[in-house]
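The structure appears right after this line, and notes come after that.
Protein chains in written order, with this note's numbering: chain R, -12 to 165; chain Y, 15 to 361; chain C, 66 to 198.
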């Protein structure tokens, strides 16, 4: 299930671009959701980074994530606002975790990876919020509740990733070409 | 080629770090919000709130302000036997007693308010206040005896309408034992002004000091005005006016509901009329003054309360930049044209 | 869509292990932070701290005021001053206080209570910065 695709550089870049575009779209749509802020968003955008990770490798996942944060913030006009730095830190946390998972043959599927990435995402966001916005420890008492939310969205996004991978694998010939 | 990969990672890391630093820099100026501290001083709760100052700096700025209020309290408390003011009140009458220059200056301001208000405001009511005992614990439940009040009145009338407080460079001369200094109508206002000056010296530009209703405001909360309520005189949980104030501005309220008791259906409260020796009955139950400084607001709120609506508003016209909000006995209200209120209603 | 079969079908044993361990970890950390000593109220006598009470433990505590004992009651994370009757007793007028930075006082007793912690953003815009009285 976790087999990387062998693609030509062009197809590979194209797929990264498609995934990044989808992630940016999800990022922008989620920003329109009502909610208390950058926390408690379902994080569907991360599904595309996970697909990139599982089919194209870690670098593609990092590219999709960073492109998503940058382009999404540009489109929303939130570049260099607190929300942007939270997204960036969350993305970095998730990408860093994927980097660690890449080196460890744990036998994790999409759901486990998505779950851990979601927790790392929340961890990165919290550190950033603590560093640049709130500046006191009050946020740490809320962390378990945020993590619980991340656990749920992480599992759901993992399932979505699995479904998307299933679709992708069924149409593998479209990607790899004749 | 391995080192090139490493360099690439280092460059990426440095870029991320730079982004975080930008983030950090752009948000250290973000509003840290309001910091408040409360202390018990001058027989009331003194709360200092500062805006736009980091935690530690706020504490450091507030300390000298609280200390200033404590210093003024130890200078002019009636109840600390060691204070220069208490010693003046203990000194024999009819001769000049040396007092610290600051105290003499403040008393001179008080005497001036007394003159302008034609005796409605009086800082020489110490013995009368002691007679009524509104500062006593437990609080009084009955007015002083008829004889005691009559005695005070006759000693007082010996002054022939003068305040009986003579201030010279050498000191202060109190005319007789019906006169004793009770700076209650101006001391808190003065202390609040001085404390605000200490905050300003510490670099605080946005602050609110509230000493039991004597309030002074500097600046705003990052462009947002300070949001002030005015207590409903007959409902301790309600407000009758909402004010959005930007400093410099002072606000003081005098009401018949702060310290009072009911005896035989009569409400006796702590604002005494020097002319009758009894609680002021001018048809007003609450007077709020907005003024440029807290001393003026403090003195005028008391003076207008004693004078009543007509004479009070006439006095107010002598003080440019001062505005009033009056609540009458029938719970209707009137506010002068320049009184700043977002909304106001009858109690 | 049936979530559970889907979940069973698309997870590896390792996934399930990670789900279980992380859920346990989150629950444990939630319990730890909730039962953490948390908020306290500090009691000042003449502006000096004399007592600190945890707000998560209900009970009553007497402290010596200038005019005799004053009772401080903690209940359900709230605190108030009790028993000393005086028109100047702001404690009774304030009633229960709860949020960080809130104060209650018995002025004649020289007692001030203050809930510790960093005041949060004011709840709603109804709260005043100060009330003139």
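The beta-carbon is built from N, C-alpha and C at its ideal position, and this holds for glycine as well.
Please tell me whether residue i and residue j are closer than 8 Å, where the distance is taken between their beta carbons.
{"i": "residue 267(Y)", "j": "residue 281(Y)", "result": "no"}
{"i": "residue 55(Y)", "j": "residue 81(Y)", "result": "no"}
{"i": "residue 222(Y)", "j": "residue 195(C)", "result": "yes"}
{"i": "residue 185(Y)", "j": "residue 110(Y)", "result": "yes"}
{"i": "residue 144(R)", "j": "residue 105(R)", "result": "yes"}
{"i": "residue 247(Y)", "j": "residue 299(Y)", "result": "yes"}
{"i": "residue 218(Y)", "j": "residue 105(Y)", "result": "no"}
{"i": "residue 70(R)", "j": "residue 108(R)", "result": "no"}
{"i": "residue 322(Y)", "j": "residue 290(Y)", "result": "no"}
{"i": "residue 166(Y)", "j": "residue 145(Y)", "result": "yes"}
{"i": "residue 119(R)", "j": "residue 63(R)", "result": "no"}
{"i": "residue 84(R)", "j": "residue 103(R)", "result": "yes"}
{"i": "residue 135(Y)", "j": "residue 199(Y)", "result": "yes"}
{"i": "residue 95(C)", "j": "residue 132(R)", "result": "yes"}
{"i": "residue 134(C)", "j": "residue 127(C)", "result": "yes"}
{"i": "residue 212(Y)", "j": "residue 228(Y)", "result": "no"}
{"i": "residue 172(C)", "j": "residue 57(Y)", "result": "yes"}
Counting only beta-carbon separations shorter than 8 Å, does residue i have a partner in chain C?
{"i": "residue 146(Y)", "result": "no"}
{"i": "residue 224(Y)", "result": "yes"}
{"i": "residue 282(Y)", "result": "no"}
{"i": "residue 348(Y)", "result": "no"}
{"i": "residue 155(Y)", "result": "no"}
{"i": "residue 114(R)", "result": "no"}
{"i": "residue 132(R)", "result": "yes"}
{"i": "residue 88(R)", "result": "no"}
{"i": "residue 99(R)", "result": "yes"}
{"i": "residue 272(Y)", "result": "yes"}
{"i": "residue 118(R)", "result": "no"}
{"i": "residue 102(R)", "result": "yes"}
{"i": "residue 110(R)", "result": "no"}
{"i": "residue 96(R)", "result": "yes"}
{"i": "residue 182(Y)", "result": "no"}
{"i": "residue 298(Y)", "result": "no"}
{"i": "residue 106(R)", "result": "yes"}
Taking the beta carbon of residue i as the centre, do at least 16 other beta carbons fall within 10 Å, making it buried, or is it exposed?
{"i": "residue 341(Y)", "result": "buried"}
{"i": "residue 6(C)", "result": "Outside the displayed range of chain C (66 to 198) lies residue 6(C), so it cannot be described from this structure."}
{"i": "residue 124(Y)", "result": "buried"}
{"i": "residue 93(Y)", "result": "exposed"}
{"i": "residue 137(R)", "result": "buried"}
{"i": "residue 39(Y)", "result": "Note on residue 39(Y): pLDDT 47, under 50, position unreliable in the model; the coordinate value appears next. Classification of residue 39(Y): exposed, given that the 10 Å Cβ count is below 16."}
{"i": "residue 359(Y)", "result": "exposed"}
{"i": "residue 111(R)", "result": "buried"}
{"i": "residue 115(C)", "result": "exposed"}
{"i": "residue 251(Y)", "result": "exposed"}
{"i": "residue 93(C)", "result": "exposed"}
{"i": "residue 192(C)", "result": "exposed"}
{"i": "residue 74(C)", "result": "exposed"}
{"i": "residue 197(Y)", "result": "buried"}
{"i": "residue 162(C)", "result": "buried"}
{"i": "residue 193(Y)", "result": "buried"}
Which residues of chain A have a Cβ atom closer than 7 Å to the Cβ of residue i, listed in chain order?
{"i": "residue 93(R)", "result": "The structure shown contains no chain A; its protein chains are R, Y and C."}
Give a yes or no on whether 8 Å exceeds the smallest Cβ distance from residue i to chain Y.
{"i": "residue 181(C)", "result": "no"}
{"i": "residue 168(C)", "result": "yes"}
{"i": "residue 154(C)", "result": "Unreliable placement is indicated for residue 154(C), whose pLDDT of 46 sits below 50; no coordinate value is reported for it."}
{"i": "residue 108(C)", "result": "no"}
{"i": "residue 139(C)", "result": "no"}
{"i": "residue 195(C)", "result": "yes"}
{"i": "residue 144(C)", "result": "no"}
For chain R, check one thing: does any of its Cβ atoms lie closer than 8 Å to the Cβ of residue i?
{"i": "residue 75(C)", "result": "yes"}
{"i": "residue 72(C)", "result": "yes"}
Say whether the stretch 146 to 153 of chain Y touches the stretch 300 to 316 of chain Y, bearing in mind that this needs 3 or more beta-carbon pairs closer than 8 Å, one atom from each stretch. no
Taking three-plus beta-carbon pairs below 8 Å as touching, is the stretch 37 to 44 of chain R in contact with the stretch 146 to 158 of chain R? yes
Looking at chain C, which residues of the stretch 136 to 157 of chain R have a Cβ within less than 7 Å of any of its Cβ atoms? 138, 142, 146, 149
Could you tell me whether the stretch 52 to 60 of chain R touches the stretch 93 to 102 of chain R, using the rule of 3 or more Cβ pairs below 8 Å? Too few Cβ pairs lie closer than 8 Å, so no.
Quick one: which residues of the stretch 114 to 133 of chain C get their C-beta closer than 7 Å to a C-beta of chain Y? List them in chain order. 132
At a cut of 8 Å, does the stretch 106 to 118 of chain C reach the stretch 70 to 81 of chain C through at least three beta carbon pairs? No, the stretch 106 to 118 of chain C is not in contact with the stretch 70 to 81 of chain C.
Members of the stretch 85 to 96 of chain C near chain R, C-beta cut-off 7 Å: So the list reads 87, 88, 91, 94, 95, given in the order they occur along the chain.
Can you pull out the residues from the stretch 324 to 340 of chain Y whose beta carbon lies closer than 8 Å to at least one beta carbon of chain C? none
Which of the residues in the stretch 47 to 60 of chain Y, read from start to end, lie with their CB under 9 Å from any CB of chain C? 47, 48, 49, 50, 51, 52, 53, 54, 55, 57, 58, 59
If the cut-off is 7 Å on Cβ atoms, which residues from the stretch 216 to 241 of chain Y count as contacting chain C, listed in chain order? 222, 224, 227, 229, 240, 241
Using a beta-carbon distance cut-off of less than 8 Å, what residues from the stretch 88 to 102 of chain Y approach chain C? none
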